Amino acid sequence: MSKNIEFKRHRRLRSSASMRSLVRENHLRTNDFIYPIFVIEGENIKNEIASMPGIYQVSLDLLAGEVKEVYDLGIKAIMFFGVIHEKDEQGTGAFVDNGIVQEATRIVKKDFPEILVLADTCLCEYTSHGHCGVIHNHDVDNDESLKLLAKTAVSQAKAGADIIAPSNMMDGFVAVIRQALDESGFSHIPIMSYAVKYASSFYGPFRDAADSTPQFGDRKTYQMDPANRLEALREAESDIEEGADFLIVKPALSYLDIVREVRDMTNVPVVAYNVSGEYSMVKAAALQGWINEKELVLEKLTAMKRAGADLIITYFAKDAAKWLNE
Ligand code: PBG
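My numbering puts the last residue of the sequence shown at 330; the count rises by one with no breaks.
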């Protein structure tokens, strides 16, 4: 090598596993994970979701078994989604005291008090039309929907939910839910806002699991356009002003640029939601033997941390916890 050619020797710091772990900048921990669970009406049900291998709809009588597994792996936070059969225009099932998520929350808080229960606050799993709010003139009525979302959040807090996670994308939901929680004696309960939620095709398998596909139209008048970046910053900014304690960016993988920008503009914890379609694509490839699932999943979850996520909501939480414990 000629003496006057100068270059840097970056490979010095990659020379062995010990050297690489010495200089590693980002780390995955089991404490980073929030595991979503689908609870379904009925008894003795454990239905695998066809488009999400390894993920189940579980009835309440089998829930403790499922949660025990999560607990034994060291995962500290779970998030519930409800699947019910009798739906109506208002999404009443979301806010009744004996709603399925409320009952699931009671069961878990009794048997596993240390596990944090997050309640997804939305109406789409409970409305007959499958939209996230009430419909007037063929569109979702923002302010009417807010009233029902506030009721839903309060009923979830009453049942013992530790964190309220509103995902409906109505304007003002953080402000209205904060006020309702405070007035009902829940000023200590934090809000994890789905602040930045894109209208994404990556939610397809979730809608199979939660039976929440809109019966007409789409969610593009309330969820965000995937082409937009500044709009994400506006959404994040207003949710912080309204009192959000955490901000979610969703989906995660195709939106890591947004995770980074939101991380840089705020000092509240930022949560990446590694959504259903992102799970299913990896599972499908893994089942074909086309990729190394363990390495790929740990790589992509680490990439979310590197992008600035403090926490990750992921259907891979149990698998990743097992791999990290190995
Ligand atoms: C409810 C909600 C959705 C998801 C989380 N909460 C679906 C949607 O907006 O259609 C999607 C999660 C996933 O795909 O894993 N509004």
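Backbone N, C-alpha and C fix where the C-beta goes; we use that ideal spot for every residue, glycine too. Just so it is clear, the structure is predicted and the values come from calculations on it, not from any experiment.
Asked, Found
"Looking at the secondary structure, which residues open and close the alpha helix (DSSP H) in which glutamate 303 lies?", "297-311"
"Please state whether DSSP places proline 255 in a helix, a strand or coil.", "coil"
"So, with DSSP's three-state summary, where would you put tyrosine 202?", "strand"
"Cutting at 7 Å between CB atoms, please list the residues of its own chain near alanine 199, excluding the five before and the five after it.", "Glu239, Ala240, Asp243, Ala248, Leu251, Ile252"
"Give the range of the beta strand (DSSP E) segment to which glutamate 52 is assigned.", "50-53"
"Give the secondary structure of phenylalanine 42 by DSSP, where H, G and I count as helix, E and B as strand, and everything else as coil.", "strand"
"Beta carbon of glutamate 129: closer than 8 Å to some heavy atom of ligand 2?", "In the structure shown, ligand 2 is absent; the only ligands present are ligand 1."
"According to DSSP, is histidine 4 helix, strand or coil?", "There is simply no residue 4 to check, as the chain begins at 5 and stops at 330 in what is shown."
"Quick one: give me the first and last residue of the beta strand (DSSP E) that methionine 56 is part of.", "56-63"
"Of all the options Asp175, Lys12, Val144, Pro57, which has the alpha carbon lying nearest to the alpha carbon of glycine 95?", "Val144"
"Can you find a heavy atom of ligand 1 that lies under 8 Å from the Cβ of tyrosine 75?", "no"
"I think glutamate 93 touches serine 149, with their Cβ atoms under 8 Å apart; what is that distance to the nearest whole Å?", "Not really, about 12 Å apart at Cβ, beyond 8 Å."
"Kindly identify the DSSP beta-bridge partner or partners of methionine 285.", "The partner list for methionine 285 (beta bridge, DSSP) is empty, contrary to what the question assumes."
"Assuming serine 204 contacts proline 230 (C-beta within less than 8 Å), just tell me the rounded distance between them.", "7 Å"
"Start and end of the alpha helix (DSSP H) containing valine 87?", "Careful: valine 87 lies outside any alpha helix (DSSP H), inside the beta strand (DSSP E) at 81-87."
"Under 8 Å from any heavy atom of ligand 1, does the C-beta of phenylalanine 206 make it?", "yes"
"Please classify histidine 135: is it buried, with 16 or more other beta-carbons within 10 angstroms of its beta-carbon, or exposed?", "buried"
"Threonine 34: which of Glu47, Lys50, Ala81 sits nearest, CA to CA?", "Ala81"
"With DSSP collapsed to three states, give me the class of proline 170.", "strand"
"For asparagine 271 versus isoleucine 317, is the C-beta distance shorter than 9 Å?", "no"
"Do methionine 359 and lysine 201 have their CB atoms nearer than 9 Å?", "Because the chain is modelled from 5 through 330, residue 359 falls outside the range shown and cannot be assessed."
"Taking the straight line between their C-alpha atoms, what separation do you get for aspartate 36 and serine 63?", "26 Å"
"By DSSP, does leucine 66 sit in helix, in strand, or in coil?", "helix"
"How about lysine 91: is its Cβ closer than 8 Å to a heavy atom in ligand 1?", "no"
"By alpha-carbon positions, which one of Gln160, Lys91, Tyr226 ends up nearest to threonine 125?", "Gln160"
"Can you give me the start and stop residues for the alpha helix (DSSP H) that alanine 98 sits inside?", "Alanine 98 -> no alpha helix (DSSP H), and no H or E assigned at all."
"Per DSSP, which one or two residues make a beta bridge with histidine 140?", "Asp143"
"Distance check for isoleucine 111 and alanine 321, CA to CA, integer angstroms please.", "21 Å"
"When the Cα atoms are used, what is the spatial distance from lysine 74 to leucine 66?", "Note on identity: in this sequence residue 74 is valine, with lysine being the wrong assignment. Each residue's alpha carbon lies about 13 Å from the other."
"On the DSSP letters alone, give me the boundaries of the alpha helix (DSSP H) that aspartate 212 sits inside.", "208-214"
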